[in-house]
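Trainee: So for the sequence shown, this note's numbering puts the first residue at 17; every next one is plus one.
Virtual Cβ for every residue (Gly too), placed ideally from N, Cα, C.
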Amino acid sequence: MTTKTLRARAALLASAPLLLGVLPLSIAPAHAQAVRSAPTAMPIAPSVPDAVDTPYPGTIQIDVDATDLAHRVFRTKQVIPVAPGTQTLTLLYPEWLPGHHGPDGTIDALNGLRFFVDGKPVPWTRDNVEVYAFYIALPAGAREVTAEIVYTSPVTGSEGRVVMTDDLMNLQFNQMTLYPAGHYVRQIRVKPSVTMPEGWATATALDGQTQAGNVVSFAETDYQTLVDSPIFAGKHHKSWTIADDVTIEAFAHDPEDLVMPEGEQEAMSAMMTEANILFGSRPFDHYEFLIALSDELGGIGLEHHRSTEITLSPGTFKSWEDGQYPDKYGFSVDVIPHELVHSWNGKYRRPALTWTPDYRQPMRNDLLWVYEGMTQYWDLPLAARSGINTKDMTLAEIADAAGSYTIEPGREWRALIDTTHDPITANRKPKPYTTFSRSEEYYNEGALIWLEADMMIRTETNGAKSLEDFARRFFAAQDGDYGERTYSFDQLVADLNAVYPHDWASVLRERVYTAGAPAPTRGIELGGYELVFKEEPNAFRAGIQEEYDYLNLYYSLGMSVNDDGTVRGVLWDGIAFDNDIITGQVIEAVNGKAYSAEVIQDAITKAKDGTPIELLVKRGEDYRTVSIDYTGGLRWPWLVKKGEGETLLDRFLEARR
């Protein structure tokens, strides 16, 4: 570059600030033009391989250290073989879990991830889209990968379900392990072990249990069976055999809670006998009821092929007296037959679109009204026939479910079928107005639909056939087969028609797919009972109110209220709703008296003569007086027999043994 050129450029640069300062003023338009940038979408290329039905090469060693009770932490070491030439290992954390009906794998508690090859750390990344997937870059010649995981389980209930306490534990392998992508989980072999706290007992459906010191080891199995076989463990444990190869494995904080009177044991054994009669076969080779009598461990009632996880209130077992549980405990114990029934319905027979080959593929829940609704239906007779629950408690449970649908405005816009998506869309979070939004209605409404179907068959065949004939046909299994047989809506209908020919497809579609239908009470009526309302709660609702310290006034003032006066829930378009009372507000006084359950019930009763009910309501720091004109008195749903003699519903609840 010449000296002349340099000087010319310097002169130009020296003048640039002046030009830049003047030029925009001379050419700027009077008004700026509107502009909207418009990017185009970047395609999302699939990166995680779909599962195929081929064996994963080798067996994965899984060792869980469950001894850190002080911090509620599980530490896992996995040794994962890899095929020669593998450059990247893709591992998945379980997301869509059987029985959960939604994507609620607790990946937020998966921490401390580290991977090693030959003792040296190797890098890993998480997929940008499928955040439950991890990629581990492998050096040449790698034959196995060691994974280290720290699972930080919830310390308090506000963080999630508590699974570890100072003396109890509920270990679920899906929470603290990873599995290789690209294979059906039944094709991935694993060899598990767990190091337990000193002196703890362990119960699980896993086979081949041995113990050396505090290390409990199990036989080699597949990853599907491992995830389907949780562990309950604790300081205080007791076991009862209630049938061949069937045990109750109970754990408690206080060993005095591990008491089961002889009559209670007989009722549990009778439940197994009644289940065998109902279904005619057993889709398991052995079965363990894993039960924690605890108010510290997070609540659960979860089905598995050969076991179930259940928590009950600490005093439940020892409360048995004079052949029954008090209402406070009786309302909840039907979870025991419920989870047992799931071994047939939900585990062995499973809707085709709900079954998945791994824990990555989404579940489609359109038949949950069968999976859960029919299970809810069959747990009623098993509880009543065995004596686990009284007939009155069982009738009260039916009444409570049916009564709720007589006042549920959400039925007008949301069909039952749409509630099968609730585990995905709501993930069981609290809702402000469940009577309007609806929730997982496929349980109770599903059960009432099956009650109607059963009573229809019994009526039309003069008692010669029933839904029990369908159960023995539909759930027929080879004893000991704890695999899965899937079905479709059409196959369900075909088996119903094989028992009693009818247009079942239309009946079921109308009940399940149609919004705005009346409350599903026809089964009650065909069964020889009617739904009525009385001024005292039925046994089922009384038990719930006592256990959870609240009063259900939905059928009168349109709300439920905790014993301290805090509004627990409000009926959409009900009296409380119309008076701008919402959840969380506090009723301080009723007719000038400090709030209590007795005071408000007395006021509701006295208001039948036209006297207004005056509530002093606190919202934040503000108080207001609400005057309610209501004369209908206290109301709770009951079932009352029509006429005399034995009815179809009576016979439905009679023992078969």
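Classify M390 as buried or exposed, calling it buried when 16 or more other Cβ atoms lie within 10 Å of its own Cβ.
Mentor: M390 should be labelled buried.
Trainee: Enumerate in chain order the residues of its own chain whose CB-to-CB distance from A16 is below 7 Å, with the five nearest sequence positions on each side excluded.
Mentor: Beyond the ends of the chain as shown, which are 17 and 673, falls residue 16; an answer cannot be given.
Trainee: Between which residues of its own chain and S42 is the CB-CB distance below 6 Å, once the five residues before and five after are set aside?
Mentor: Any reading at S42 is ruled out, since the residue's pLDDT is 47, under 50, leaving its predicted position unreliable.
Trainee: At which residues does the alpha helix (DSSP H) containing P439 begin and terminate?
Mentor: Residues D438 to T441.
Trainee: Identify whether L665 lies in helix, strand or coil by the three-state DSSP scheme.
Mentor: The answer is helix: DSSP assigns L665 an H, G or I state.
Trainee: To test your reading of the DSSP string, which unbroken alpha helix (DSSP H) runs of 4 or more residues are found completely within the stretch 175–244?
Mentor: The stretch 175–244 contains these whole alpha helix (DSSP H) runs: 239–243.
Trainee: Confirm, please, whether the CB-CB distance from L573 to I598 is below 8 Å.
Mentor: Cβ distance not < 8 Å, so I598 and L573 don't count as in contact.
Trainee: What number of angstroms, rounded off, separates the C-alpha of T441 from the C-alpha of G121?
Mentor: One C-alpha to the other measures close to 15 Å.
Trainee: Consult DSSP for V68 and reduce its assignment to one of helix, strand or coil.
Mentor: Three-state result, V68: strand.
Trainee: On the three-state DSSP scale, how would you describe A125?
Mentor: Note: A125 maps to helix in three-state DSSP.
Trainee: Taking 8 Å as the cut-off, does the stretch 303–313 touch the stretch 178–185 (at least 3 CB pairs, one atom from each stretch)?
Mentor: A contact exists between the stretch 178–185 and the stretch 303–313.
Trainee: Between which two residues does the beta strand (DSSP E) containing E160 stretch?
Mentor: Its beta strand (DSSP E) spans residues E160 to T168.
Trainee: With DSSP collapsed to three states, give me the class of N368.
Mentor: A quick correction: the sequence has Ala, not Asn, at residue 368. In this structure, A368 counts as coil in the three-state DSSP scheme.
Trainee: What residues in its chain sit with their C-beta under 7 Å from that of Y545, if we drop five residues either side in the sequence?
Mentor: Closer than 7 Å at the Cβ level, and outside the excluded window around Y545, lie L655, V656, K657, K658, T663 and L665.
Trainee: Hey, which unbroken runs of the beta strand (DSSP E) at 3 residues or more fall wholly within the stretch 86–158?
Mentor: Listed in chain order, the complete beta strand (DSSP E) runs (minimum 3 residues) inside the stretch 86–158 are 89–97, 104–108, 126–133, 136–138, 140–142 and 149–153.
Trainee: Under a three-way DSSP split, which group does K658 fall into?
Mentor: It is coil, neither helix nor strand.
Trainee: Cβ atoms of V206 and E160: under 8 Å apart, would you say?
Mentor: Cβ atoms of E160 and V206: not closer than 8 Å.
Trainee: Using the Cα positions of G37 and A50, report the straight-line distance between them to the nearest angstrom.
Mentor: Residue confidence is low: G37 scores 41 on pLDDT, short of 50, so the model does not pin down where it sits. No coordinate-derived value is stated.
Trainee: Kindly list the residues whose CB is nearer than 7 Å to the CB of M379, restricted to its own chain and excluding five residues on each side of it in sequence; keep chain order.
Mentor: The residues are W112, H117, T370 and T372.
Trainee: Since V201 contacts Y239 with CB under 8 Å, what's their CB separation in whole angstroms?
Mentor: Rounded, the Cβ-Cβ distance is 5 Å, consistent with contact.
Trainee: Would a C-beta distance cut-off of 8 Å place K481 and V509 closer than the cut-off?
Mentor: In this structure, V509 does not lie closer than 8 Å to K481 by Cβ.
Trainee: Curious, which full-length alpha helix (DSSP H) runs of at least 4 residues does the stretch 580–617 contain?
Mentor: Here the runs fully enclosed are 591–594.
Trainee: Is it right to say D416 is buried, meaning 16 or more other beta carbons lie within 10 angstroms of its own, or is it exposed?
Mentor: Buried, since its Cβ has 16 or more Cβ neighbours within 10 Å.
Trainee: Quick one: grab the DSSP three-state call for I404.
Mentor: If DSSP states are grouped into helix, strand and coil, I404 belongs with coil.
Trainee: Restricting to Cα atoms, I'd like to know which of W360, E614, Q340 and T332 is closest to A268.
Mentor: Nearest option by C-alpha distance: T332.
Trainee: Which complete beta strand (DSSP E) runs does the stretch 548–580 hold, if anything under 3 residues is left out?
Mentor: For the stretch 548–580, whole beta strand (DSSP E) runs of length 3 or above, ordered along the chain, are 566–569 and 575–578.
Trainee: Excluding the five sequence neighbours on either side, which residues of its own chain have a C-beta within less than 7 Å of the C-beta of R538, listed in chain order?
Mentor: E468, listed in sequence order.
Trainee: Candidates D579, L569, R635 and R584: which alpha carbon is nearest G648's?
Mentor: For G648, the nearest C-alpha among the options comes from L569.
Trainee: With C-beta atoms as the reference, is V528 less than 8 Å away from L432?
Mentor: Yes.
Trainee: Output the residue ranges of the alpha helix (DSSP H) runs that lie fully inside the stretch 514–553 and measure 4 residues or longer, sorted by chain position.
Mentor: Here the runs fully enclosed are 520–529 and 538–542.
Trainee: In terms of residues, what are the limits of the alpha helix (DSSP H) holding L294?
Mentor: That run of the alpha helix (DSSP H) goes E278 to F295.
Trainee: CA-CA distance, W466 and I473?
Mentor: One C-alpha to the other measures close to 11 Å.
Trainee: Under 8 Å, do W336 and E265 count as touching if we go by C-beta distance?
Mentor: No, Cβ-Cβ distance for W336 and E265 is not below 8 Å.
Trainee: Tell me Q77's beta-bridge partners as DSSP assigns them.
Mentor: DSSP lists V95 and K207 as partners of Q77.
Trainee: Hey, how far is the Cα of G135 from the Cα of I76?
Mentor: If I take the Cα positions, the gap works out to 17 Å.
Trainee: By alpha-carbon positions, which one of R640, E563, K445 and P439 ends up nearest to P119?
Mentor: Among R640, E563, K445 and P439, the Cα nearest to that of P119 belongs to P439.
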